[in-house]
Amino acid sequence: MNNILAIAHRELRSYFVSPIAYVVVGLFALLYGYFYIASLAFMVQFSAQAGMFGGGPQTVNVNEFMIRPLLSNTAIILLFILPFLTARAYAEEKRSGTIELLLTSPLSDLEIILGKFLGALALFLLMLAVTAVHMGILFWYGDPELGSILTGYLGLALMGGSFIALGLLVSSATRNQVVAGVGTFSLLLLFWVLSWMSDSAGPTAGAILSYLSILEHFDDFSKGVVDTAHVAYYLSFIAFGLFLTAKSVDSERWRG
Amino acid sequence: MIEVQHVTKRYGPVAAVSDVSFRVEAGQILGFLGPNGAGKTTTMRVLTGYLPPTEGTATVAGFDVLKDPIEVKRRTGYLPETPPLYPDMTVREYLTFVARINGLSAAERGNRLDQVMERTSVGDVADRHCGKLSKGYRQRVGLAQAILHNPDVLILDEPTAGLDPKQIIETRELIKELAGDHTIILSTHILPEVAQTCERVVIINKGRVVAEDSPDNLTGRLHGAVTVQLQVDTGGADPTAALHAVPGVAAVSVGEPGDEGRTIEIQSAQDVDIRRDLANAVVSNGWGLLEMRRARLSLEEIFLQLTTAEEPAGDGENAADEENAADEDLDEPAAATESADE
Ligand SMILES: Nc1ncnc2c1ncn2[C@@H]1O[C@H](COP(=O)(O)OP(=O)(O)OP(=O)(O)O)[C@@H](O)[C@H]1O
Ligand SMILES: [Mg+2]
Numbered sequence: 107m108n109n110i111l112a113i114a115h116r117e118l119r120s121y122f123v124s125p126i127a128y129v130v131v132g133l134f135a136l137l138y139g140y141f142y143i144a145s146l147a148f149m150v151q152f153s154a155q156a157g158m159f160g161g162g163p164q165t166v167n168v169n170e171f172m173i174r175p176l177l178s179n180t181a182i183i184l185l186f187i188l189p190f191l192t193a194r195a196y197a198e199e200k201r202s203g204t205i206e207l208l209l210t211s212p213l214s215d216l217e218i219i220l221g222k223f224l225g226a227l228a229l230f231l232l233m234l235a236v237t238a239v240h241m242g243i244l245f246w247y248g249d250p251e252l253g254s255i256l257t258g259y260l261g262l263a264l265m266g267g268s269f270i271a272l273g274l275l276v277s278s279a280t281r282n283q284v285v286a287g288v289g290t291f292s293l294l295l296l297f298w299v300l301s302w303m304s305d306s307a308g309p310t311a312g313a314i315l316s317y318l319s320i321l322e323h324f325d326d327f328s329k330g331v332v333d334t335a336h337v338a339y340y341l342s343f344i345a346f347g348l349f350l351t352a353k354s355v356d357s358e359r360w361r362g
Numbered sequence: 019m020i021e022v023q024h025v026t027k028r029y030g031p032v033a034a035v036s037d038v039s040f041r042v043e044a045g046q047i048l049g050f051l052g053p054n055g056a057g058k059t060t061t062m063r064v065l066t067g068y069l070p071p072t073e074g075t076a077t078v079a080g081f082d083v084l085k086d087p088i089e090v091k092r093r094t095g096y097l098p099e100t101p102p103l104y105p106d107m108t109v110r111e112y113l114t115f116v117a118r119i120n121g122l123s124a125a126e127r128g129n130r131l132d133q134v135m136e137r138t139s140v141g142d143v144a145d146r147h148c149g150k151l152s153k154g155y156r157q158r159v160g161l162a163q164a165i166l167h168n169p170d171v172l173i174l175d176e177p178t179a180g181l182d183p184k185q186i187i188e189t190r191e192l193i194k195e196l197a198g199d200h201t202i203i204l205s206t207h208i209l210p211e212v213a214q215t216c217e218r219v220v221i222i223n224k225g226r227v228v229a230e231d232s233p234d235n236l237t238g239r240l241h242g243a244v245t246v247q248l249q250v251d252t253g254g255a256d257p258t259a260a261l262h263a264v265p266g267v268a269a270v271s272v273g274e275p276g277d278e279g280r281t282i283e284i285q286s287a288q289d290v291d292i293r294r295d296l297a298n299a300v301v302s303n304g305w306g307l308l309e310m311r312r313a314r315l316s317l318e319e320i321f322l323q324l325t326t327a328e329e330p331a332g333d334g335e336n337a338a339d340e341e342n343a344a345d346e347d348l349d350e351p352a353a354a355t356e357s358a359d360e
């Protein structure tokens, strides 16, 4: 455990001494801020319009009209941003040769992988934590339902974890961070696109495709429903991603 | 302490190391010598558990590198060819991290860190970022990292590469100091380094061990026939005939006379010490004997002989029949190569 934390700690601080953490968190805050204001404006407009028909401003459901679309948009932002967080995890260690330090220290491959996963996850959760401020403001002025916000965040955390696991896997397969970043992004895009394709595909194929689609499983969380099937999907996605990363590191060793 | 048995490592179809075997006793320093691409780094990577061998076994401190890699890694300190530094960490942060992943507790760390930084003289860059260090300092921090957890075995890939002459000497001293309670393998291209620091030498070429012995024996045993070099003031006379008459002399090569007399190289027959008789011959002719020394093949020459691809032409044992001593010099180590393979 101490080993895992040592790796995670090093990862996290390396994000902060390089521009990565600031760029990623900054970009996230910017995009999130934009969607926040856009959906706020939409809700206000909607409530004003509703007021015109019913006489006097109406209270609209903040959860339904503001928070749920915002969370869905956040999921898309993460899809664009998280690949840059994990791109260097292995690629850079391989390029600079520090991987040789890790792989000749008394650490298991799993400890290294979990350490890197936790380091990236910690930065990601920190990023999400920033948005608690925005949510807090909604509580100040409106009366949103806390439960579905929390489940939405649980969903985001699980989904982000899956993105990170996939990012680690891709990063472990190359020594070029740009390739790792773009590769991860493309794969995530593919998983996203699966949900569109599922709409036009036949019933069986459509069900399979939408099951595979990473984002599809998020919908219920944003509606305030925690379905164990979705939790299991994300957890197994993460576990499988990390497992394949371990395989990839090990096969590299045999190939040399 | 370290035992390598028939290790082969293939990268795809290419064998980087083929059927390498050697052992290192506890407390010994072994020098690993070979030209570029010989397979030194590959062998070391196998020993540190970084690369699994394709065939054969390697054990470190009794643990198999394939079956108990963690136990091997616990007991091994490794300085790779490029010091594995994180550019964005300061030297102190970096070493703290290395100490942590090697299982040193927070209490042990502080003292040990200062001690090691002092030993490797990196104290004055402790708060500089690793990425901003000069090559020499990177090398030293790499060495500090390797000895940090006080491992039984040290594997150092070209530990003095990129150091200034003063640092090279200090590093060699440090390595020799460490040898008492550590078993060390170091690789190098610098031959005098091997002669100065190592008790045993393994010479490797194209992935195969071509010689294994102590540096002294390696230089010594190539001398079945002895070359004696004389500096003689003959006052204009040609000494060739007189010296040929000395019993045991196989060949004489006389240089041009200069300010310091002539330089004469004399080749003896196998295992005959001709120096006493040579001195007598010079003196009885009334010449001035300015210098006499037994020439040894330098490690450089041995190294070149052992690692150049072409088989030397001619047969060293029949060298005595030949007039030209200069040719014999080339022929001689051919015999040595055979004996080195024993
Ligand atoms: N990752 C790799 N993939 C393919 N071939 C490799 C790899 N690493 C090394 N080799 C090959 O294996 C052989 C031995 O290389 P190695 O690095 O062990 O040599 P070396 O003795 O350390 O050389 P140097 O003195 O230049 O450091 C070389 O022919 C090299 O090209
Ligand atoms: Mg090398």
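So the protein lines, in turn, are chains D and Y.
Counting in my numbering, the first sequence runs from 107 upward without gaps.
Counting in my numbering, the second sequence runs from 19 upward without gaps.
For glycine and all other residues, C-beta sits at the position ideal for the given N, C-alpha and C.
Since this is a predicted model, take the numbers as computed values, not measurements.
Give me the DSSP bridge partner(s) of T334(D).
Paired residues: none, contrary to the question.
Please list, in chain order, the residues of the segment 62 to 88 of chain Y that have any C-beta partner in chain D closer than 9 angstroms.
R63, T66, G67, Y68, L69, P70, T72, P87 and I88
Cutoff 6 angstroms; reference K200(D); Cβ partners in own chain excluding five residues on either side
R281
Report the rounded CA-to-CA distance for L236(Y) versus C216(Y), giving the unit in angstroms.
12 angstroms
Taking only the alpha-carbon atoms, compute the straight-line gap between G261(D) and I182(D) and give it to the nearest angstrom.
13 angstroms
What in chain Y is Cβ-close to R116(D), meaning under 7 angstroms?
F115
Close Cβ partners of A364(Y) (< 6 angstroms) along its chain, the five nearest in sequence each way excluded:
Residue 364(Y) is absent from the structure shown; chain Y starts at 19 and stops at 360.
Strictly below 7 angstroms CB to CB, what residues from chain Y border V123(D)?
D106
In terms of residues, what are the limits of the beta strand (DSSP E) holding N223(Y)?
R218 to N223
Contact set between the segment 190 to 221 of chain D and chain Y, restricted to residues whose Cβ is under 8 angstroms from the partner
S202, G203, T204, I205, E206, L207, L208, L209, T210, S211, P212, L213 and S214
Does the segment 196 to 212 of chain D touch the segment 77 to 96 of chain Y, meaning 3 or more C-beta pairs lie closer than 8 angstroms?
yes
Taking only beta-carbon atoms, is T100(Y) less than 8 angstroms away from chain D?
yes
Looking at the unbroken beta strand (DSSP E) that takes in V299(D), where does it start and where does it end?
Unbroken run through V299(D) is the alpha helix (DSSP H), Q283 to S306; no beta strand (DSSP E).
Find the nearest neighbour of V220(Y) within the set A229(Y), I208(Y), G306(Y) and P177(Y), judged by alpha-carbon distance.
A229(Y)
Is the closest heavy atom of ligand 1 to the C-beta of E199(D) under 7 angstroms?
no
How is the beta strand (DSSP E) around S36(Y) delimited, first residue to last?
V32 to V42
Measuring only from the beta carbon, is K153(Y) closer than 7 angstroms to any heavy atom that is part of ligand 2?
no
D251(Y) in three-state terms, based on DSSP:
strand
In whole angstroms, what is the alpha-carbon distance linking A44(Y) and G74(Y)?
21 angstroms
Please classify H207(Y): does DSSP put it in a helix, a strand, or coil?
coil
Measure how close the beta-carbons of R312(Y) and V246(Y) come, nearest whole angstrom, since I'm counting them as under 8 angstroms.
6 angstroms
Does L315(D) pass the burial test, meaning 16 or more other C-beta atoms within 10 Å, or should it be called exposed?
buried
Using a Cβ cut-off of 8 angstroms (strictly closer), state whether G226(D) contacts chain Y.
Note on residue identity: the sequence assigns Ala, not Gly, to residue 226(D). So no, A226(D) is outside the interface.
I'd like to know if the segment 270 to 278 of chain Y and the segment 204 to 214 of chain Y are in contact, where contact means that at least 3 CB-CB pairs between them fall below 8 angstroms.
no
Closer than 7 angstroms: V32(Y) CB and nearest ligand 1 heavy atom
yes
Could you tell me whether the Cβ atoms of G347(D) and L293(D) are closer together than 8 angstroms?
no
Roughly how many angstroms separate the alpha carbons of L136(D) and F245(D), rounded to a whole number?
21 angstroms
If we cut at 8 angstroms on Cβ distances, does S120(D) have a partner in chain Y?
yes
Is R359(D) close to chain Y? Criterion is C-beta to C-beta, closer than 8 angstroms.
yes
Chain D residues whose Cβ lies nearer than 7 angstroms to that of T224(Y):
It should be pointed out that residue 224(Y) corresponds to Lys in this sequence rather than to Thr. Within chain D, no residue comes near K224(Y); the closest Cβ sits about 17 angstroms away, beyond 7 angstroms.
Is any beta-carbon of chain D found at less than 8 angstroms from that of I119(Y)?
yes
Assign N169(D) to one of two classes, buried (16 or more other C-beta atoms within 10 Å of its C-beta) or exposed (fewer than that).
buried
Tell me which residues share the same chain as G160(Y) and place their Cβ nearer than 6 angstroms to its Cβ, disregarding the 5 neighbours each side in the sequence.
L97 and P101
Report yes if the CB atom of A79(Y) is closer than 8 angstroms to the CB atom of M19(Y), and no otherwise.
yes
Between which residues of its own chain and L176(D) is the CB-CB distance below 7 angstroms, once the five residues before and five after are set aside?
F141, Y142 and S145
Neighbourhood of A164(Y) by C-beta, 7 angstroms cutoff - its chain only, sequence neighbours within 5 removed:
G95, Y96, L97, L172 and L174
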